[in-house]
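Asks: The opening residue of the sequence shown carries number 1 in the UniProt record's numbering; numbering runs sequentially from there.
Here it is, the structure in full.
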Amino acid sequence: MAIEINAGLSSIAKVKRTLGLYDLSKLPQFEVVAVLECAGNRRDGLKAIKPVNGVTWGAGTASNARWGGCRLRDVLVAAGVPADLSDPFYANPRHVEFAAYGEVTDDEQYTSSIPLEWVMNPLNMVLVATEMNGMPLLRDHGFPARIVAPGIIGARWVKWLKYIHVQDREADGYYQQRDYKILPPIAEANNCEEFWPRFPALMELNIQSAICRPAADECLQIGKPYHVRGYALTGGGRAVDRVEVSLDGGSTWNLADMYTIQAKADSRSGQRDWSAKHWAWVLWSFRIESVPPNCTIASRAWDLGGNTQPSTAVWNYRGVMNNAVFHVHPPTTSSVLSRL
């Protein structure tokens with residue numbers, strides 16, 4: 001993995017270093033429990049409005065894991081980037097670009113970037129990760145090393161890390177400039193090219209909840225109790241404040257029970273690096289005392305920033321960041337045999 005600093009300041013010399021897994025292992029090691037969510041999660045809800053450009057994901061492209069590795073901040077400091085954010089080096093916005101090994105269909109290679117100031121804040125726990133859930137990364141998860149950027153969309157969590165560049169601009173590749181953006185509803189396949197340069201690349205996750213049980217085709221027995229279950233998440237290090245569930249399509253709401261993991265990063269030396277940031281998802285449940293006939297179950301989450309999910313989906317051409325109130329319309333029956 002090559003690290004190159006080319007920031008356009010005479011006070012910072014252009015540096016290029018090559019690091020292997022052994023070099024990364026000699027830096028302080030940290031762990032962070034964080035949710036990884038594709039920006040196209042729940043794209044099926046936008047495709048139901050009209051066609052979108054992207055794989056028709058349901059609500060299953062999000063997962064939580066314990067990631068281990070060194071902080072990207074420490075890698076960059078070792079390569080010569082100033083650790084102090086008050087340094088004149090940070091007077092102008094700068095970015096950290098990542099590239100992946102392997103072939104892609106729309107560009108020469110997969111590249112993406114995030115702001116350098118975000119990376120250099122130690123509380124943000126951006127990692128060059130080499131482990132997942134206490135084990136070395138598998139190939140599918142990015143072996144030998146990948147970026148873990150908690151609170152940011154999965155497109156920035158570059159796998160199979162090839163290089164890291166510090167530079168004075170965003171990545172100029174396809175997946176930063178012509179993908180993973182929320183274009184206005186007037187942008188469609190025949191005119192989207194004029195809109196890509198006008199709108200920013202997505203970074204932070206938005207507030208989100210989904211119902212995992214019941215599944216859309218799961219039949220519930222009328223008059224019997226049932227536990228609705230799901231997940232909720234949000235971005236930027238904010239905490240999910242509450243999850244609400246409705247049994248009448250959103251006319252009335254009740255609080256769900258949440259099961260949370262306190263956001264923290266434990267160094268492998270045994271010393272805890274306490275953080276006020278929250279990176280993990282929240283699992284939740286809600287007990288229906290008596291399933292009503294023809295029920296429409298809905299969920300919505302709120303975070304500490306006062307953000308919640310909109311009542312209806314806002315269509316965009318790329319089909320990203322759909323976080324509308326989640327609805328399930330399970331079939332119901334009065335017969336116990338239908339549940340067997």
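Don't be surprised by glycine CBs; every beta carbon is placed ideally from N, CA and C.
Mapping the DSSP letters down to three states, classify Lys264 as helix, strand or coil.
Replies: Annotation note: pLDDT 38 at Lys264 (below 50); position unreliable, no value reported.
Asks: Between the region 171-181 and the region 106-117, do at least 3 Cβ pairs fall closer than 8 angstroms?
Replies: In short, these stretches touch, since the Cβ pair count reaches three.
Asks: Answer yes if the region 41-56 comes into contact with the region 158-177, meaning at least three C-beta pairs across the two stretches below 8 angstroms, and no otherwise.
Replies: no
Asks: What is the DSSP secondary structure of His141, reduced to helix, strand or coil?
Replies: helix
Asks: Using CA coordinates, which residue listed in Asp172, Arg139, Asn323, Ala65 is at the minimum distance from His95?
Replies: Asp172
Asks: To which residues of the same chain is Gln208 closer than 6 angstroms at the C-beta, ignoring the five residues directly before and after it?
Replies: Leu233, Asn323
Asks: For Lys47, which three-state DSSP category applies?
Replies: helix
Asks: If you draw a straight line from the C-alpha of Val245 to the C-alpha of Ala129, how long is it?
Replies: 36 angstroms
Asks: Since Glu31 sits in a beta bridge, which residues does DSSP pair it with?
Replies: Gly68
Asks: Between the region 32-51 and the region 299-318, do three or more beta carbon pairs fall short of 8 angstroms?
Replies: yes
Asks: What residues are listed by DSSP as bridge partners for Asn254?
Replies: Val245
Asks: Is it true that the CB of Val282 sits closer than 8 angstroms to the CB of Tyr231?
Replies: yes
Asks: Which residue wins for smallest C-alpha separation from Ala2, given the options Ile164, Gly250, Val320, Pro225?
Replies: Ile164
Asks: Excluding the 5 residues preceding and the 5 following Val328 in the sequence, name in chain order all residues of the same chain whose CB lies nearer than 7 angstroms to its CB.
Replies: Ile211, Pro214, Ala216, Ile297
Asks: Taking just the CA atoms, how far does Arg17 sit from Thr308?
Replies: Between Thr308 and Arg17, the C-alpha separation is close to 44 angstroms.
Asks: Once DSSP output is grouped into helix, strand and coil, what is the label at Ser335?
Replies: coil
Asks: Can you give, in chain order, each stretch of the beta strand (DSSP E) that sits fully within the region 175-224 and has at least 3 residues?
Replies: 208-213
Asks: Would you grab the beta carbon distance between Ala201 and Met132 for me? Rounded to a whole angstrom, and I think it's under 8 angstroms.
Replies: With a Cβ gap of about 26 angstroms, Ala201 and Met132 do not count as contacting.
Asks: Return the first residue and the last residue of the beta strand (DSSP E) that Glu117 is part of.
Replies: Careful: Glu117 lies outside any beta strand (DSSP E), inside the alpha helix (DSSP H) at 116-120.
Asks: Starting from Ala2, follow its DSSP beta bridges and name the residues at the other end.
Replies: Here Ala2 is bridged, per DSSP, to Thr18, Tyr163.
Asks: Could you check the C-alpha separation between Leu161 and Ala145 for me, to the nearest Å?
Replies: Going from the Cα of Leu161 to the Cα of Ala145 covers about 6 angstroms.
Asks: Following the continuous beta strand (DSSP E) through Asn287, name the residue where it begins and the one where it ends.
Replies: The question names Asn, yet the displayed sequence has Arg at residue 287. Segment 282-288, the beta strand (DSSP E) holding Arg287.
Asks: Could you give the distance in angstroms between the alpha-carbon of Ala155 and the alpha-carbon of Leu137?
Replies: 18 angstroms
Asks: Would the region 117-127 and the region 78-95 be scored as touching if the rule is three or more Cβ pairs under 8 angstroms?
Replies: yes
Asks: Among Leu27, Ala34, Gly223, which has the Cα closest to the Cα of Val77?
Replies: Checked all of Leu27, Ala34, Gly223; the closest Cα to Val77 is Leu27.
Asks: My output table needs one value for Arg169: the three-state DSSP class, helix, strand or coil.
Replies: DSSP places Arg169 in coil when its eight states are reduced to three.
Asks: Using CA coordinates, which residue listed in Asn294, His278, Asp106 is at the minimum distance from Tyr175?
Replies: Asp106
Asks: Can you tell me whether DSSP reads Arg146 as helix, strand or coil?
Replies: strand
Asks: To the nearest angstrom, how far is it from the Cα of Ala39 to the Cα of Asp257?
Replies: 26 angstroms
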